[in-house]
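*Asks:* Taken in sequence, the protein lines are chains A and B. Taken in order, the first sequence gives residues 1 to 204; the numbers are from the numbering used here. Taken in order, the second sequence gives residues 1001 to 1204; the numbers are from the numbering used here. Note that the Cβ used here is the ideal one computed from N, Cα and C, for glycine as well.
There are 2 protein chains.
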Amino acid sequence: MPEPRSRRDAVRNREAVFAAADALFAEGGSPEDVTMAGIAAAAGVGKGTLFRAFGDRAGLLRALYGARLEPLREAVETGPPPLGPGTPPRERVRALLDAALCFKVDNRHLALALEESGGASPYAADHYRSWHGLLKSVLEQLPGWAGSGHASFTAHALLAAVRADLVERLVGEDGVPREELRAQLGAHVARLLDGAADTRPAHD
Amino acid sequence: MPEPRSRRDAVRNREAVFAAADALFAEGGSPEDVTMAGIAAAAGVGKGTLFRAFGDRAGLLRALYGARLEPLREAVETGPPPLGPGTPPRERVRALLDAALCFKVDNRHLALALEESGGASPYAADHYRSWHGLLKSVLEQLPGWAGSGHASFTAHALLAAVRADLVERLVGEDGVPREELRAQLGAHVARLLDGAADTRPAHD
DNA sequence: TAAAGATACGGACCAGTGGTCCGCTTTGCA
DNA sequence: TGCAAAGCGGACCACTGGTCCGTATCTTTA
């Protein structure tokens, strides 16, 4: 079944909506100040179009987030070390969390909006499931972790440390510099994985 | 200045509102199904009364949460070990987190509602500040942690591991038993603090 | 190129929320 | 018992996410 190509105006509008929403989120205000009507207006589009294209607010946010996340996802799935598959597990865990942190820092407002969107906890989202699954499986490759039954919870706990609202609090409000935060997280991971307090920040 | 005692009907209503809201949250549904009008109706009270007494939704939630948290707060501040002040730091950190976890499990819906309430991130709330401050100061009593500059971030990361929505996901959706979760958290803390994977659950 | 059928548009509209307001009741004090 | 003042409560408001359907646009076919 050849999936029917979208009409040209449809893709144009979809693009416009993405750009507008992205701009509105990036421009700083609180996530709930970015309203559906506002996005529609900024994109020069009717509200109906928004809802037909994305279903609901959460759908729009997911789509945007997914698009932003795409490069990182690819780097993780089929890229070179330290993010890609061919990396020793200890190093990869650290790289993954560092990447997640950087992403959250750079897309704080969007991530924040997504996490507090629509009732369903962020833990139900596909992207969370996949990050957690990956992190868990990498943790299980560490010596002594394989059958311990702790990998899953540890993965949750590590991801919790880079939650968007915590990041926003630390970076946005407390003014912790990005590199400082990366160093802290790196040390945290190191301490957790092998008890040694290696405080070097993860490399780029 | 003798603070003017509230009128009798005022305190009666305040009490009724507390009880009603508490019941509605406890009875299970999603936090946003518990509406201000609903609480007012359940308490046999007008909406205006709610807003005058608590300011806004967030205020009501904070008040309820505070009341629920009171016994635990007291146990932590002036109680006997392992929660109270006279406890060795390693043990106390574990006890604090265990207590926080249990509290969140028992009051999931209320905690969830509070955390996602009203725009302001949960990290702005007083009770979060105080828990974080305490945890941080206890961490700093551990050998090697005093001037490391890692205590604050570690405290944030540990508290993130007992976030209400994570707890809700694990206990409420994935069906992880309470004791299992406590054991996981205990192991997590132990691993973080001294690298040893001590998997015994914290005692009551 | 013209006409028709399908697809998408978009703004008026709806339901439900948090929050406000003000005439009326209750309370506490003299 | 009288009388301020404090408190009450439901009608009301602003605003949100979400729906609907007549209309404009696009694509295809002759």
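Can you give the beta carbon distance from Ala113 of chain A to Phe25 of chain A, rounded, assuming they're within the 8 Å contact cut?
*Replies:* 6 Å
*Asks:* Can you pull out the residues from the stretch 149 to 161 of chain A whose beta carbon lies closer than 7 Å to at least one beta carbon of chain B?
*Replies:* His150, Phe153, Thr154, His156, Ala157, Ala160, Ala161
*Asks:* Give the DSSP-derived three-state secondary structure of Ser1148 of chain B in the structure shown.
*Replies:* coil
*Asks:* Is the beta carbon of His188 of chain A closer than 9 Å to that of His1150 of chain B?
*Replies:* yes
*Asks:* Hey, would you say the C-beta of Asp1022 of chain B is under 8 Å away from at least one heavy atom of the ligand GTP?
*Replies:* The ligand content of the structure shown is nil, which means the ligand GTP is not present either.
*Asks:* Please list, in chain order, all residues of the same chain as Val45 of chain A whose beta carbon is under 7 Å from its beta carbon, the five residues on each side excluded.
*Replies:* Asn13, Ala16, Val17
*Asks:* How big is the Cα-Cα spacing for Thr87 of chain A and Pro81 of chain A?
*Replies:* Looking at the two C-alpha atoms, the distance is approximately 5 Å.
*Asks:* Can you pull the chain B residues whose beta carbon is under 7 Å from the beta carbon of Leu166 of chain A, in chain order?
*Replies:* Tyr1123, His1156, Ala1160
*Asks:* Of all Cβ atoms in chain A, is any one closer than 9 Å to the Cβ of Gly1141 of chain B?
*Replies:* Per the sequence presented here, residue 1141 of chain B reads as Gln, with Gly not at that position. Not one chain A Cβ lies under 9 Å of Gln1141 of chain B.
*Asks:* Taking Ala1019 of chain B as part of the alpha helix (DSSP H), name the residues at either end of that continuous run.
*Replies:* 1008 to 1026
*Asks:* In terms of residue numbering, what span does the alpha helix (DSSP H) encompassing Val1167 of chain B cover?
*Replies:* 1164 to 1167
*Asks:* Secondary structure at Pro201 of chain A, three-state DSSP: helix, strand or coil?
*Replies:* Because the pLDDT of Pro201 of chain A is 44, which lies under 50, any placement of that residue in the model is unreliable, and the number read from its coordinates should be weighed accordingly. Here Pro201 of chain A sits in coil by DSSP.
*Asks:* Give the straight-line distance between the Cα atoms of Leu64 of chain A and Asp22 of chain A, rounded to the nearest whole angstrom.
*Replies:* Rounded to the nearest angstrom, the two C-alpha atoms are 7 Å apart.
*Asks:* Count the other CB atoms, across all protein chains shown, that sit within 10 Å of the CB of Leu193 of chain A; report buried if there are 16 or more and exposed otherwise.
*Replies:* buried
*Asks:* For Val1176 of chain B and Ala42 of chain A, I'd like the C-alpha separation in whole angstroms.
*Replies:* 45 Å
*Asks:* Could you spell out the range, first to last residue, of the alpha helix (DSSP H) harbouring Asp1056 of chain B?
*Replies:* Unbroken run through Asp1056 of chain B: none, as it is neither H nor E.
*Asks:* So Leu96 of chain A and Leu83 of chain A are in contact, right, with Cβ under 8 Å, and what is the actual spacing, rounded?
*Replies:* 7 Å
*Asks:* Please name the residues in the stretch 172 to 189 of chain A whose beta-carbon is closer than 7 Å to at least one beta-carbon of chain B, in chain order.
*Replies:* Gln184, Ala187, His188
*Asks:* By DSSP, does Arg1184 of chain B sit in helix, in strand, or in coil?
*Replies:* The residue you asked about is not Arg; residue 1184 of chain B is Gln in the sequence shown. Three-state DSSP puts Gln1184 of chain B in a helix.
*Asks:* What does a CB cutoff of less than 8 Å around Glu77 of chain A pick up in its chain, not counting 5 residues either side in sequence?
*Replies:* Gly84, Pro85
*Asks:* I need the straight-line Cα distance from Glu1032 of chain B to Ala1020 of chain B, nearest angstrom please.
*Replies:* Glu1032 of chain B and Ala1020 of chain B have their alpha carbons spaced roughly 15 Å apart.
*Asks:* Looking at C-alpha atoms only, which residue of B:Ser1130, B:Arg1108, B:Trp1145, B:Leu1142 is the closest neighbour of Arg1178 of chain B?
*Replies:* B:Arg1108
*Asks:* So, helix, strand or coil for Val1034 of chain B, using DSSP?
*Replies:* coil
*Asks:* My guess is that Leu1185 of chain B and Ala1161 of chain B are in contact by the Cβ rule of under 8 Å, so how many angstroms apart are they, rounded?
*Replies:* 7 Å
*Asks:* As a quick exercise: from B:Ala1058, B:Leu1101, B:Lys1047, B:Gly1059, pick the residue whose alpha carbon is nearest that of Trp1131 of chain B.
*Replies:* B:Leu1101
*Asks:* Report all residues from its chain with a CB closer than 7 Å to the CB of Leu1060 of chain B; omit the five preceding and five following residues, and keep chain order.
*Replies:* Ala1021, Leu1050, Phe1054
*Asks:* From the DSSP output, in three-state form, read off Pro1143 of chain B for me.
*Replies:* coil
*Asks:* Counting only C-beta atoms, is Arg163 of chain A closer than 9 Å to chain B at any point?
*Replies:* yes
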